[in-house]
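Below is one structure, written out as structure tokens; comments come after it.
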Amino acid sequence: MNELINKDNEWIIHFMGSLDRLLDSFEHLTANYRPTLGGERFFTDKEVSARLKVSRRTLQDYRNEGRIAYIQLGGKILYRESDIERMLNDGYRSAYRLTAT
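Residue numbering for the sequence shown is 1 to 101, as defined by the UniProt record's numbering.
The structure is reproduced here in structure tokens:
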């Protein structure tokens, strides 16, 4: 009962490890959390270009060509998540296989 608790104590080591894992989980959640506005999530051109693996210039071409809907507030461009999904679905082409006759 009179055991001295210090940083080398097995219980303390386990407890500190649990706190580290909790902190890592919390940081991951907060980094990836996108609050919704009216049920929609919005992304910047930088975020969209990273997710789609295209350049920001390509996104500008998509806007100019009317391929993707966007919102412009001053100099800031925002994209709705649903508009990105719609663009991707519109571009979806099913795989097909040529059969030999």
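All C-beta atoms in this analysis are idealised placements derived from N, C-alpha and C, irrespective of residue type, glycine included.
Inter-residue CB distance, residue i and residue j (contact presumed, cutoff 8 Å)
i	j	result
residue 87	residue 68	5 Å
residue 40	residue 82	6 Å
residue 26	residue 79	Not quite, the Cβ-Cβ distance comes to about 27 Å (not below 8 Å), so this is no contact.
Environment of residue i [buried if 16+ CB atoms lie within 10 Å]
i	result
residue 13	exposed
residue 5	exposed
residue 48	buried
Close Cβ partners of residue i (< 8 Å) along its chain, the five nearest in sequence each way excluded
i	result
residue 63	70 and 77
Simplified DSSP state of residue i, which is helix, strand or coil
i	result
residue 79	strand
residue 98	coil
residue 5	coil
Q) Where in the UniProt domain "Helix-turn-helix" (43 to 90) do unbroken runs of the alpha helix (DSSP H), each at least 4 residues long, occur, reported from the N-terminal end onward? A) Entirely contained in the UniProt domain "Helix-turn-helix" (43 to 90), the alpha helix (DSSP H) runs reaching 4 residues are, in chain order, 45 to 52, 56 to 65 and 81 to 90.
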